Ligand code: GLN
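In structure tokens:
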């Protein structure tokens, strides 16, 4: 029997048809058989058995009791190392638990391992990890990237090595790999999930989110990781609804916005056809379709690639060889120790971002780049605000292509950055977005549809995805 959903597994455990030990053994053996995917950086069977034992002794019966969840290796975990996919943190054992993983533990989840990612979550391919690349389980004859940066989590869910996984999304790092691996990925509103204990990349954009195999599981998990946390000053104190119980596929009375600016020349027919087909399917379900305009979309990518590196250069200043993980052994002075630790400890892409970020923040350029980018970011947010006065949610492709071969785009950072073209506008505006598998290419590779809605209306995109999933079945 294939086990692949949380909502069914919860019932199996309640009805005592399976024990939490058996459930986890099922996934442990699958992880061992799929080592070649390199989806996990850290996997320790002994640690999993200890978690199961203490859960069995605890007599709790919380919602995620015994559910095996994989954790992107950007979340600090007390009982497992946390590397951010970087050599500089290769020996880092955090002294505390992130808010999100703590919530999962409190709800009874088993943290089944730490998943691979692009170094410090910078990338779209999971090829910049110090721990080697992850392979997309949907690859056919050539090995494809799983997307990134949360590529290990997307691959783990896609290959059914766990029942769900956490990710983080700064400019698309949940939605793009979800699309490439044929799974669901949701980035909630900025502020819904605490960033406490997530290794910072670009703090005004970073958000935790979820990968799952179906909409019901997504709705369950997103509720459990959300919530107010006093340790994150941007965490918002609102009542989190039970998205799962509220799921409703009725589209009558809903208006769907189709942004004209997302019809970009050079996007393949397969992507455009998938998008058109999805629009028709929504129309069939009773929704009204409306063309909308997000006029500043074309600036989103350049704005993102100023703001994100600027914040990264500041956040990554703390890795100096003194406080965390790796330290170069070749120094002869304190200054040299900083320099060598950073040049030996960071990979090429991270260095590129630090250079760009330091440049746009430097005296003389700060106004021209950073401040200007913040102003345009504001205009992009206003575009969405106006759009949501005319429609309930917006539908676009998640990515401009399907998964590409490992090694492609490596020497051309701009072509790698273009992966984020459909995902970064929502990140800059802080609104929620979901990617749901919809259709395939002629080579049988998954494609993803992105659904966006207004701040804190996660239910709207989950409902829309729930409808789409039901049509699929
Ligand atoms: N691909 C984007 C980047 O490289 C997004 C990364 C992310 O969302 N963490 O910055």
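In our numbering, the protein residues as written are 60 to 532. All residues carry an ideal CB built from backbone N, CA and C; glycine is no exception. Note that this is a predicted model, so its numbers are computed, not measured.
### Query
If you draw a straight line from the C-alpha of residue 93 to the C-alpha of residue 61, how long is it?
Computed Cα separation, rounded: 16 Å.
### Query
CB residue 384 to CB residue 99, shorter than 8 Å?
Not closer than 8 Å, so no.
### Query
Pick from 517, 403 and 82: whose alpha carbon is nearest that of residue 306?
Ranking the options by Cα distance to residue 306, first place goes to 517.
### Query
From the DSSP output, which residues share a beta bridge with residue 210?
According to DSSP, residue 210 bridges with nothing at all.
### Task
Would you check if the region 214-226 and the region 482-489 touch, i.e. whether three or more CB-CB distances between them fall below 8 Å?
The region 482-489 vs the region 214-226: no contact.
#### Entry: Residues sharing a beta bridge with residue 271, DSSP
Answer is 243, bridged to residue 271.
### Message
Can you tell me whether residue 260 sits near the ligand NAD, meaning its C-beta is under 7 Å from at least one heavy atom of the ligand?
### Response
Absence of the ligand NAD is noted for the structure shown, with the ligand GLN being the only ligands found.
### Query
Given a threshold of 16 other Cβ atoms within 10 Å of its Cβ, counted over all protein chains shown, does residue 412 qualify as buried or as exposed?
Taking a 10 Å sphere around the C-beta of residue 412, we find 16 or more other C-beta atoms and assign the residue as buried.
### Task
With DSSP as the reference, label residue 98 as helix, strand or coil.
Residue state, collapsed to three classes: coil.
### Message
Please report the straight-line C-alpha distance between residue 170 and residue 197, rounded to a whole angstrom.
### Response
Those two C-alpha atoms are separated by around 24 Å.
### Query
According to DSSP, what are the bridge partners of residue 421?
Looking at the DSSP output, residue 421 sits in no beta bridge, so it has no partner there.
### Task
Could you tell me whether the Cβ atoms of residue 287 and residue 295 are closer together than 8 Å?
Cβ distance < 8 Å, so residue 287 and residue 295 count as in contact.
### Task
Given a cut-off of 8 Å, decide if residue 179 and residue 257 are closer than it, judged by their beta-carbon atoms.
Not closer than 8 Å, so no.
### Query
Less than 7 Å between the CB of residue 478 and some heavy atom of the ligand GLN, yes or no?
For the ligand GLN, at least one heavy atom lies less than 7 Å from the Cβ of residue 478.
### In chain order, each alpha helix (DSSP H) run of at least 4 residues that lies wholly inside the region 449-512
Listed in chain order, they are 472-476 and 483-488.
### Message
Based on DSSP bridge pairs, tell me the residues matched to residue 46.
### Response
In the structure as shown, the chain begins at 60 and stops at 532. Residue 46 is therefore absent and cannot be evaluated.
### Task
Measuring alpha carbon to alpha carbon, tell me which of 132, 141 and 77 ends up nearest residue 126.
Selected option, being the one with the closest Cα: 77.
### Query
Is it the case that the CB of residue 142 approaches a heavy atom of the ligand GLN more closely than 7 Å?
At a threshold of 7 Å, residue 142 does not count as near the ligand GLN, since its beta carbon sits no closer than that to any of the ligand's heavy atoms.
### Task
Just tell me which of 475, 265, 224 and 501 has its CA closest to the CA of residue 254.
Taking only the C-alpha atoms, the option nearest residue 254 is 265.
### Query
What are the start and end residues of each continuous alpha helix (DSSP H) run of 4 or more residues lying completely inside the region 280-307, in chain order?
For the region 280-307, whole alpha helix (DSSP H) runs of length 4 or above, ordered along the chain, are 302-305.
### Query
If you measure from the CB of residue 98, is any heavy atom of the ligand GLN nearer than 7 Å?
No, the ligand GLN has no heavy atom inside 7 Å of this Cβ.
### Message
Taking its Cβ as the centre, do 16 or more other Cβ atoms sit within 10 Å of residue 377, making it buried, or is it exposed?
### Response
Exposed.
### Query
What residue range is occupied by the uninterrupted alpha helix (DSSP H) comprising residue 170?
Annotation for residue 170: no alpha helix (DSSP H) segment contains it, though the beta strand (DSSP E) segment containing it runs 169-174.
### Message
For residue 482 and residue 230, which I take to be in contact (beta-carbon distance under 8 Å), what is that distance rounded to the nearest angstrom?
### Response
Contact holds; Cβ gap of about 6 Å.
### Task
Pull up the distance between the alpha-carbon of residue 160 and that of residue 148, whole angstroms please.
Their backbone Cα atoms lie some 19 Å apart in a straight line.
### Query
Over what stretch of residues does the alpha helix (DSSP H) that includes residue 70 continue unbroken?
Residue 70 -> alpha helix (DSSP H) spans 65-73.
### Query
Hey, is residue 181 close to the ligand GLN, as in C-beta under 7 Å from one of its heavy atoms?
For the ligand GLN, at least one heavy atom lies less than 7 Å from the Cβ of residue 181.
### Length of the line joining the Cα atoms of residue 298 and residue 338
Computed Cα separation, rounded: 32 Å.
### Task
Could you say which of 506, 142, 72 and 527 lies nearest to residue 341 if we only look at CA atoms?
For the residues 506, 142, 72 and 527, the minimum Cα distance to residue 341 belongs to 527.
### Query
Relative to the ligand GLN, is the shortest distance from any of its heavy atoms to the C-beta of residue 470 smaller than 7 Å?
Outside the cutoff, so no.
### Query
Using the beta-carbon count (16 or more within 10 Å), is residue 424 buried or exposed?
When all chains shown are included, residue 424 counts as exposed.
### Task
Excluding the 5 residues preceding and the 5 following residue 387 in the sequence, name in chain order all residues of the same chain whose CB lies nearer than 6 Å to its CB.
So the qualifying residues of the chain are 399, 400 and 403.
### Message
Tell me which residue opens and which closes the beta strand (DSSP E) that residue 129 is part of.
### Response
From DSSP, the beta strand (DSSP E) with residue 129 extends over 127-131.
### Task
Kindly indicate which three-state DSSP category residue 226 falls into: helix, strand or coil?
Strand, per DSSP.
### Task
Check whether the Cβ of residue 502 sits closer than 7 Å to any heavy atom of the ligand GLN, and report yes or no.
For the ligand GLN, not one heavy atom lies less than 7 Å from the Cβ of residue 502.
#### Entry: Heavy atom of the ligand GLN within 7 Å of residue 367 beta-carbon
Yes; taking the cut-off as 7 Å, the Cβ of residue 367 has a heavy atom of the ligand GLN nearer than that.
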